[in-house]
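Quick notes on the structure that follows.
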Amino acid sequence: VGSAMLVPCSLALLNRAFPEPAARASAISLWMGCGGIAMASGPLIGGLLIHLFGWRSLFFVNLPLGLAGIRLGRSVVRAA
Numbered sequence: 001v002g003s004a005m006l007v008p009c010s011l012a013l014l015n016r017a018f019p020e021p022a023a024r025a026s027a028i029s030l031w032m033g034c035g036g037i038a039m040a041s042g043p044l045i046g047g048l049l050i051h052l053f054g055w056r057s058l059f060f061v062n063l064p065l066g067l068a069g070i071r072l073g074r075s076v077v078r079a080a
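Right under this line is the structure:
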């Protein structure tokens with residue numbers, strides 16, 4: 001359910017942050033590549049975290065990723 005909101009919103013942010021077509025194409029390519037890598041490596045990293053630290057450790061993964069997203073969003077995306 002959350003991904004259904006995040007994917008279109010992140011694509012809209014990319015369109016806003018990169019108005020030039022060539023830069024937008026590169027940004028969307030990088031976005032899609034990172035998404036594919038995340039889907040492939042997520043189960044492996046998740047299994048490793050559960051094995052080493054327990055299932056509760058999975059919830060702490062979102063904290064640094066969310067903070068990095070907020071910081072990047074503030075530095076890259078111009079105000080509307």
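Numbering (full-length UniProt numbering), first residue to last: 1 to 80.
Just so you know, even glycine gets a beta-carbon here, dropped at the ideal spot from N, CA and C.
Member of V76, G35 and V61 whose CA lies at the smallest distance from the CA of L6
For this step, residue 6 is matched to residue 6 along the sequence shown. Looking from the CA of L6, the closest CA among V76, G35 and V61 belongs to G35.
Considering just the uninterrupted stretch of the alpha helix (DSSP H) at W31, what are its terminal residues?
As a working mapping, residue 31 is identified with position 31 in the sequence shown. That run of the alpha helix (DSSP H) goes P21 to F53.
Could you check whether the region 37-47 touches the region 66-77, counting it as contact only if at least three pairs of C-beta atoms, one from each stretch, sit closer than 8 Å?
With fewer than three CB-CB distances shorter than 8 Å, the region 37-47 does not count as touching the region 66-77.
If I follow the unbroken alpha helix (DSSP H) through A17, where does it start and stop?
Within the sequence shown, the letter at position 17 stands for residue 17. G2 to A17 is the extent of the alpha helix (DSSP H) around A17.
If you reduce the DSSP assignment to three classes, tell me which class R78 lands in.
Locating residue 78 in the sequence shown gives position 78, where the first residue counts as 1. DSSP places R78 in the coil class of the three-state scheme, outside both helix and strand.
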